[in-house]
Each structure stands twice: as structure tokens, then as C-alpha cells.
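Shown next, in C-alpha cells, is the structure this report addresses.
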Amino acid sequence: MELAVFSGKPGFDTPQHVGGPIVEPETRRRFHQLSDEAFYRNYLTNDGPLSRRLEEEVAVRHGVRHAIFMANATLAELVLLKALDLPPGEAVIAADTFISTPHMCEWLGLKPVFCDIDPATLAMTPETCAAKLTDKTRLIIPTHVFGVVADLPALAKLANEQGVKLVADAAQCFDWDRGGVAPGASGVPEYVSFHATKFFSTIEGGAVFTQDDDLAENLRMMRNFGFDRTAQSQFAGTNAKASEINAAFGLASLPALPARLERLTAIRQTYLRQLSGVPGLRIHDMDATGRNNYRYFAVFIEEGFGAERDAVYEAMRRENVLARLYFAPGCHRTPHYQQTPTSLPAVERALDTILCLPTSFVDVEPEDGACRVAELLLAIREQAPTVQAWYQQQPKNKL
Ligand code: T4K
278 MELAVFSGKP GFDTPQHVGG PIVEPETRRR FHQLSDEAFY RNYLTNDGPL
328 SRRLEEEVAV RHGVRHAIFM ANATLAELVL LKALDLPPGE AVIAADTFIS
378 TPHMCEWLGL KPVFCDIDPA TLAMTPETCA AKLTDKTRLI IPTHVFGVVA
428 DLPALAKLAN EQGVKLVADA AQCFDWDRGG VAPGASGVPE YVSFHATKFF
478 STIEGGAVFT QDDDLAENLR MMRNFGFDRT AQSQFAGTNA KASEINAAFG
528 LASLPALPAR LERLTAIRQT YLRQLSGVPG LRIHDMDATG RNNYRYFAVF
578 IEEGFGAERD AVYEAMRREN VLARLYFAPG CHRTPHYQQT PTSLPAVERA
628 LDTILCLPTS FVDVEPEDGA CRVAELLLAI REQAPTVQAW YQQQPKNKL
């Protein structure tokens, strides 16, 4: 196969994204109908009937008492942390997470302290977390990366022993569970993202899942200026509400989820069939801890592949396969947080080698798309020395 880096025709005519929103024709039709209902009702935001219905359906689906719908998961995290009312101090966070996780801590006077991970799950462990605990620690936030979950029971035990709070970043965990326990259902409050790139989306949106009635009531007030049921502002809340139009998109998407999961499972199976056992290419085990929605498919380009991850990434881009490097370089190596230098070997190894492949395709059938992406990756491997040489010759400011 002549690769695009060597003047071949790109493997795809249309760019294939990792996070391309999944919107089935039926989802669009239902969305138009539901949003029209909201317009006829002339009730567009502020805890309307569609938002309430969405919260109820999502909560029941996850076996959790409350799903509190907000404008996005970043604000859901902020509101949750604010509701915990923690004194200034430190928050221990695994460094391989989306940057919003530490940022919201910092907004509330909690200095993010980054910890290492288990290379298999990509999540913090009680040991990697404990190594960063100090008498200033107030909070622990594990992230379930790609829906492969951290060991919450063990982390809850550690948090209890230390007298610190535990919440989890379950942004990527809609329709996920660990041994039948979904986000928020274990008793640890968890926040989930409904962003357009996620398995389940309200375009922008997110929620806190919790079993705690008092916390839920607090969060509902906190997202709405601190208003109680008589519209009296009881404390300094904010505006983190989502609109009825966002809720309409979510409700329209719910019936599509079983078929969506089937498609994502088929894509995963295709990738597994083509890429398992390839030397130098390790596949992230997404079934390690429980049910997954398979929105992400991550591999690690390791020694034995013959080319560096960055060379492979650039070669794939030339083929119109816009792979992503979530969450490289790691929060601790971003310009903002690297001011406090930290060495986290497992995070660095993972994020220097990770490559997330597309799981939604444009102008091509999903399984065919996955098959072609895998073939391109294998062709790059076969030609790895020349791909690596090509990469090294590229002016880095042109990539
Ligand atoms: N915690 C974790 C662990 C998270 O992963 C996230 C979000 C959060 C917290 C915070 O949740 P939110 O506050 O966002 O609810 C994207 C998403 O913006 C972000 O929501 C997500 N994580 C993160 C993993 O991915 P980017 O910077 O990669 O987005 P962007 O715009 O580059 O899009 C990704 C790909 O999808 C691109 O290749 C383009 C394609 N795309 C994107 C959009 C929005 C489309 O084809 N169409 C589109 O409409 O962050």
C-alpha cells in the first residue's frame, strides 16, 4: 500500500474523527419533535419538563437516586466541589485526565497534586494516590479513563481512613458499570459528561449522579443561584443550568443507545480482529473492570512497532485518520501545571505512546471504516523505518 506520506492517495477522502458526534436520522427526527414541543410550550430552560424527564430517565437507567443535569461536566464538577464546602488545601488527581478536572479544583482553592496510575487501567490506585497524600489533602478525584474504572471501593476506604472526600470523574462513563454498579450508585458522587463527542450527548451537558438526597437538593440549588423552592437565594449559587433544547437532544438520543452500542461493539471487534497480537502495538483493555460503552478505542505504540507514536500519528493524519492523543501530555506537563515539576513514569509512558482511533465514521460504513483504519495502521507498521525517517525530516513547525 502506498502511504499518503509517500504521495499515495489518502486512505479516506473525508476526515475521520475520534469524537465525531453520533446523530442517527431517527435521533434528529425525535429531536425536532421534542424541541418543537418545548417551543410550543414556550418553556425553554429553568428546570423544565424535558430536563426533569431526562434526569429521571437517566437516573433510573443507572440505578441511582439522582442525576442532576447541568450545562456541562466541567460545571457539574465545579458545583459538586463547591457543595462539598472544603477548606483550601490539595486535591489528588491522576495526571491522565481532561484538563477541566484539575482546573475546577484550582478555582476553588484546592491545589491539584498529580499522582501516577496503573498502566493497565490508566486509573489511579490506592497506592499511587496514597503516595501523594499530605496533611493538606482535602479531596481525591480518580478519573475512569475511557470508562475503565478506578477501584472506587478501595479508594473510598483510603479516603475514609484519611478523613478526606472522594468524588469521581465519570465523564466518559454513561451506560457503564463495575460489577453492576453504575456511576454514583456506589455512594461516591460522580460527574458524567453529555458532550457532543460522548456516547450519550445533550450537545453540551453533564450531570452529577448521587444517592445522597441532601447533596442532590444542595446541587439543584447551587446550579440555580442558590434559590430554594420559594425562589429565595439561600447561598451564593451560580448558573449551571442546561436548557430544554439540550434535554430534548438527550431524550431524542436515549432510544438510539442500544443500536449505538451494537455499532460501537462491532467497531471494537473489527479493530480487535485486525490488531490483536501485533508486535509493538498494545490494545487498551476496556473490559478490565466491567461494562463499557466502547466510545473510545485506544492503542499504545510501543517498542517493536518500529516507529514512534508521533510519527504514526502524523502518518495517520495524512491518511485523513484524525487520531487523538487523549490525555497527552498529561496535566502535570501542561504549561500551567508544569510549574510544579513532577515525575509520573506510568502516566508518561502511557501518554507518550497512546493513540485513540476513530469510532464514528463519515461517508463509510462503521465496520468498513474500522477495517480500513486498522489496515492503514498495519501498513504504517510494515513501512515503519521509512515512516520514521519521513517524520524526522519534517520541520516540526509544519506538522
Ligand atoms: N473529564 C473528562 C475525563 C473528560 O473527558 C471531559 C471531557 C471532562 C471531564 C469535561 O466534560 P465537559 O465539560 O466537556 O462536558 C473533547 C471534548 O470537548 C470534551 O468534552 C472531552 N472530555 C474530551 C475528551 O474531548 P477536544 O478538545 O478533544 O474536542 P474537539 O473539539 O477537538 O473534538 C474532538 C474531535 O471530535 C475532533 O477531532 C473534532 C471532532 N468533532 C468535535 C465536535 C465538537 C466533530 O467532528 N464534531 C463536533 O461537533 O475535547
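Numbering-wise (the numbering used here), the sequence shown opens with residue 278 and increments by one.
Note that beta-carbon positions come from the ideal geometry of N, C-alpha and C, so glycine has one too.
No experiment lies behind these values; they were computed from the predicted model shown.
When burial is assigned at 16 or more other CB atoms within 10 Å of the CB, is S620 buried or exposed?
exposed
As assigned by DSSP and simplified to three states, the class of I480:
coil
Between G554 and V576, what straight-line distance do the alpha-carbon atoms span, to the nearest angstrom?
12 angstroms
Starting from the Cα of N523, find the closest Cα among I480, A565, D505 and H339 and give me that residue.
I480
Indicate the three-state DSSP secondary structure (helix, strand or coil) for V458 in the structure shown.
strand
Using CA atoms only, rank isn't needed, just tell me which of L549, P287 and V300 is closest to A475.
For the record, residue 475 in the displayed sequence is Lys; it is not Ala. Minimum Cα distance to K475 is reached at V300.
Alpha carbon to alpha carbon, how far is Q293 from R658? Give it in angstroms, no decimals.
20 angstroms
Rounded to whole angstroms, what's the CA-CA distance from A462 to R342? Just pull it up for me.
8 angstroms
Would you mind sorting R586 into buried or exposed? The rule is 16 or more other CB atoms within 10 Å of its CB.
Buried, because 16 or more other Cβ atoms sit within 10 Å of the Cβ of R586.
Expressed to the nearest angstrom, what Euclidean distance is found between the alpha-carbon atoms of P535 and D645?
20 angstroms
Under three-state DSSP, which class holds M593?
helix
Quick one: Cα of M227 to Cα of R601, how far?
In the structure displayed, the chain extends from 278 to 676; residue 227 sits before or after that span and is not available.
Opening and closing residue of the beta strand (DSSP E) in which R559 lies
L558 to I560 is the span of the beta strand (DSSP E), which, as asked, contains R559.
Segment contact, 8 angstroms Cβ cut-off, at least three pairs: the segment 529 to 549 with the segment 495 to 512
no
On a Cα-Cα basis, can you pick out the residue from E332, G325, T291 and I345 that is closest to P493?
It is worth fixing the name first, because residue 493 is Ala in this sequence and not Pro. Ranking E332, G325, T291 and I345 by Cα distance to A493 puts I345 first.
Tell me whether L599, by its Cβ, gets closer than 6 angstroms to a heavy atom of ligand 1.
Yes, ligand 1 has a heavy atom inside 6 angstroms of this Cβ.
For E438, which residues from the same chain have a beta carbon less than 8 angstroms from its beta carbon, with the 5 sequence-adjacent residues on both sides left out?
none
State yes or no: is the C-beta of A371 nearer than 6 angstroms to some heavy atom of ligand 1?
no
Only counting runs of 4 or more residues, tell me where the alpha helix (DSSP H) segments fall wholly within the segment 373 to 439, in order along the chain.
377 to 384, 403 to 407 and 429 to 439
Using only the alpha-carbon positions, how far apart do D324 and E521 sit?
Those two C-alpha atoms are separated by around 8 angstroms.
Is it true that the CB of V282 sits closer than 7 angstroms to the CB of W667?
yes
Return the Cβ separation of G557 and E580 in integer angstroms, given the expectation that the two are a contact with Cβ distance under 8 angstroms.
6 angstroms
Closer than 6 angstroms to a non-hydrogen atom of ligand 1 - does that hold for the CB of A575?
no
Which same chain residues end up closer than 7 angstroms to F375 when comparing Cβ atoms and leaving out the 5 residues on each side of it in sequence?
For F375, where only same-chain residues beyond five positions count, the Cβ hits under 7 angstroms are A448 and F604.
Nearest candidate by alpha-carbon position, reference A651, set L628, P672, E625 and I560:
I560
Using 8 angstroms for Cβ pairs, my map puts L538 next to N570. What's the rounded Cβ distance?
6 angstroms
Kindly indicate which three-state DSSP category N523 falls into: helix, strand or coil?
helix
6 angstroms Cβ shell around M593 - same chain, five flanking residues per side excluded
For M593, where only same-chain residues beyond five positions count, the Cβ hits under 6 angstroms are A600.
Can you look up Q488 in the DSSP assignment and give me helix, strand or coil?
coil
At 4 residues or longer, and completely inside the segment 623 to 659: list those alpha helix (DSSP H) runs for me, N to C.
643 to 659
Do A445 and P419 have their C-beta atoms closer together than 7 angstroms?
yes
Neighbour-count burial assignment, V677, 16 or more Cβ in a 10 Å radius
Outside the shown range of the chain (278 to 676) lies residue 677, about which nothing can therefore be said.
Residues that DSSP places opposite Y468 in a beta bridge:
D446 and V485
Reduced DSSP category for Q509 - H, G, I as helix; E, B as strand; rest coil:
coil
Run the CB neighbour count on L676, radius 10 Å, all protein chains shown included, and call it buried at 16 or more, exposed below.
With fewer than 16 other Cβ atoms within 10 Å, it is exposed.
On the DSSP letters alone, give me the boundaries of the beta strand (DSSP E) that H343 sits inside.
Where H343 is concerned, the enclosing beta strand (DSSP E) starts and stops at H343 to M347.
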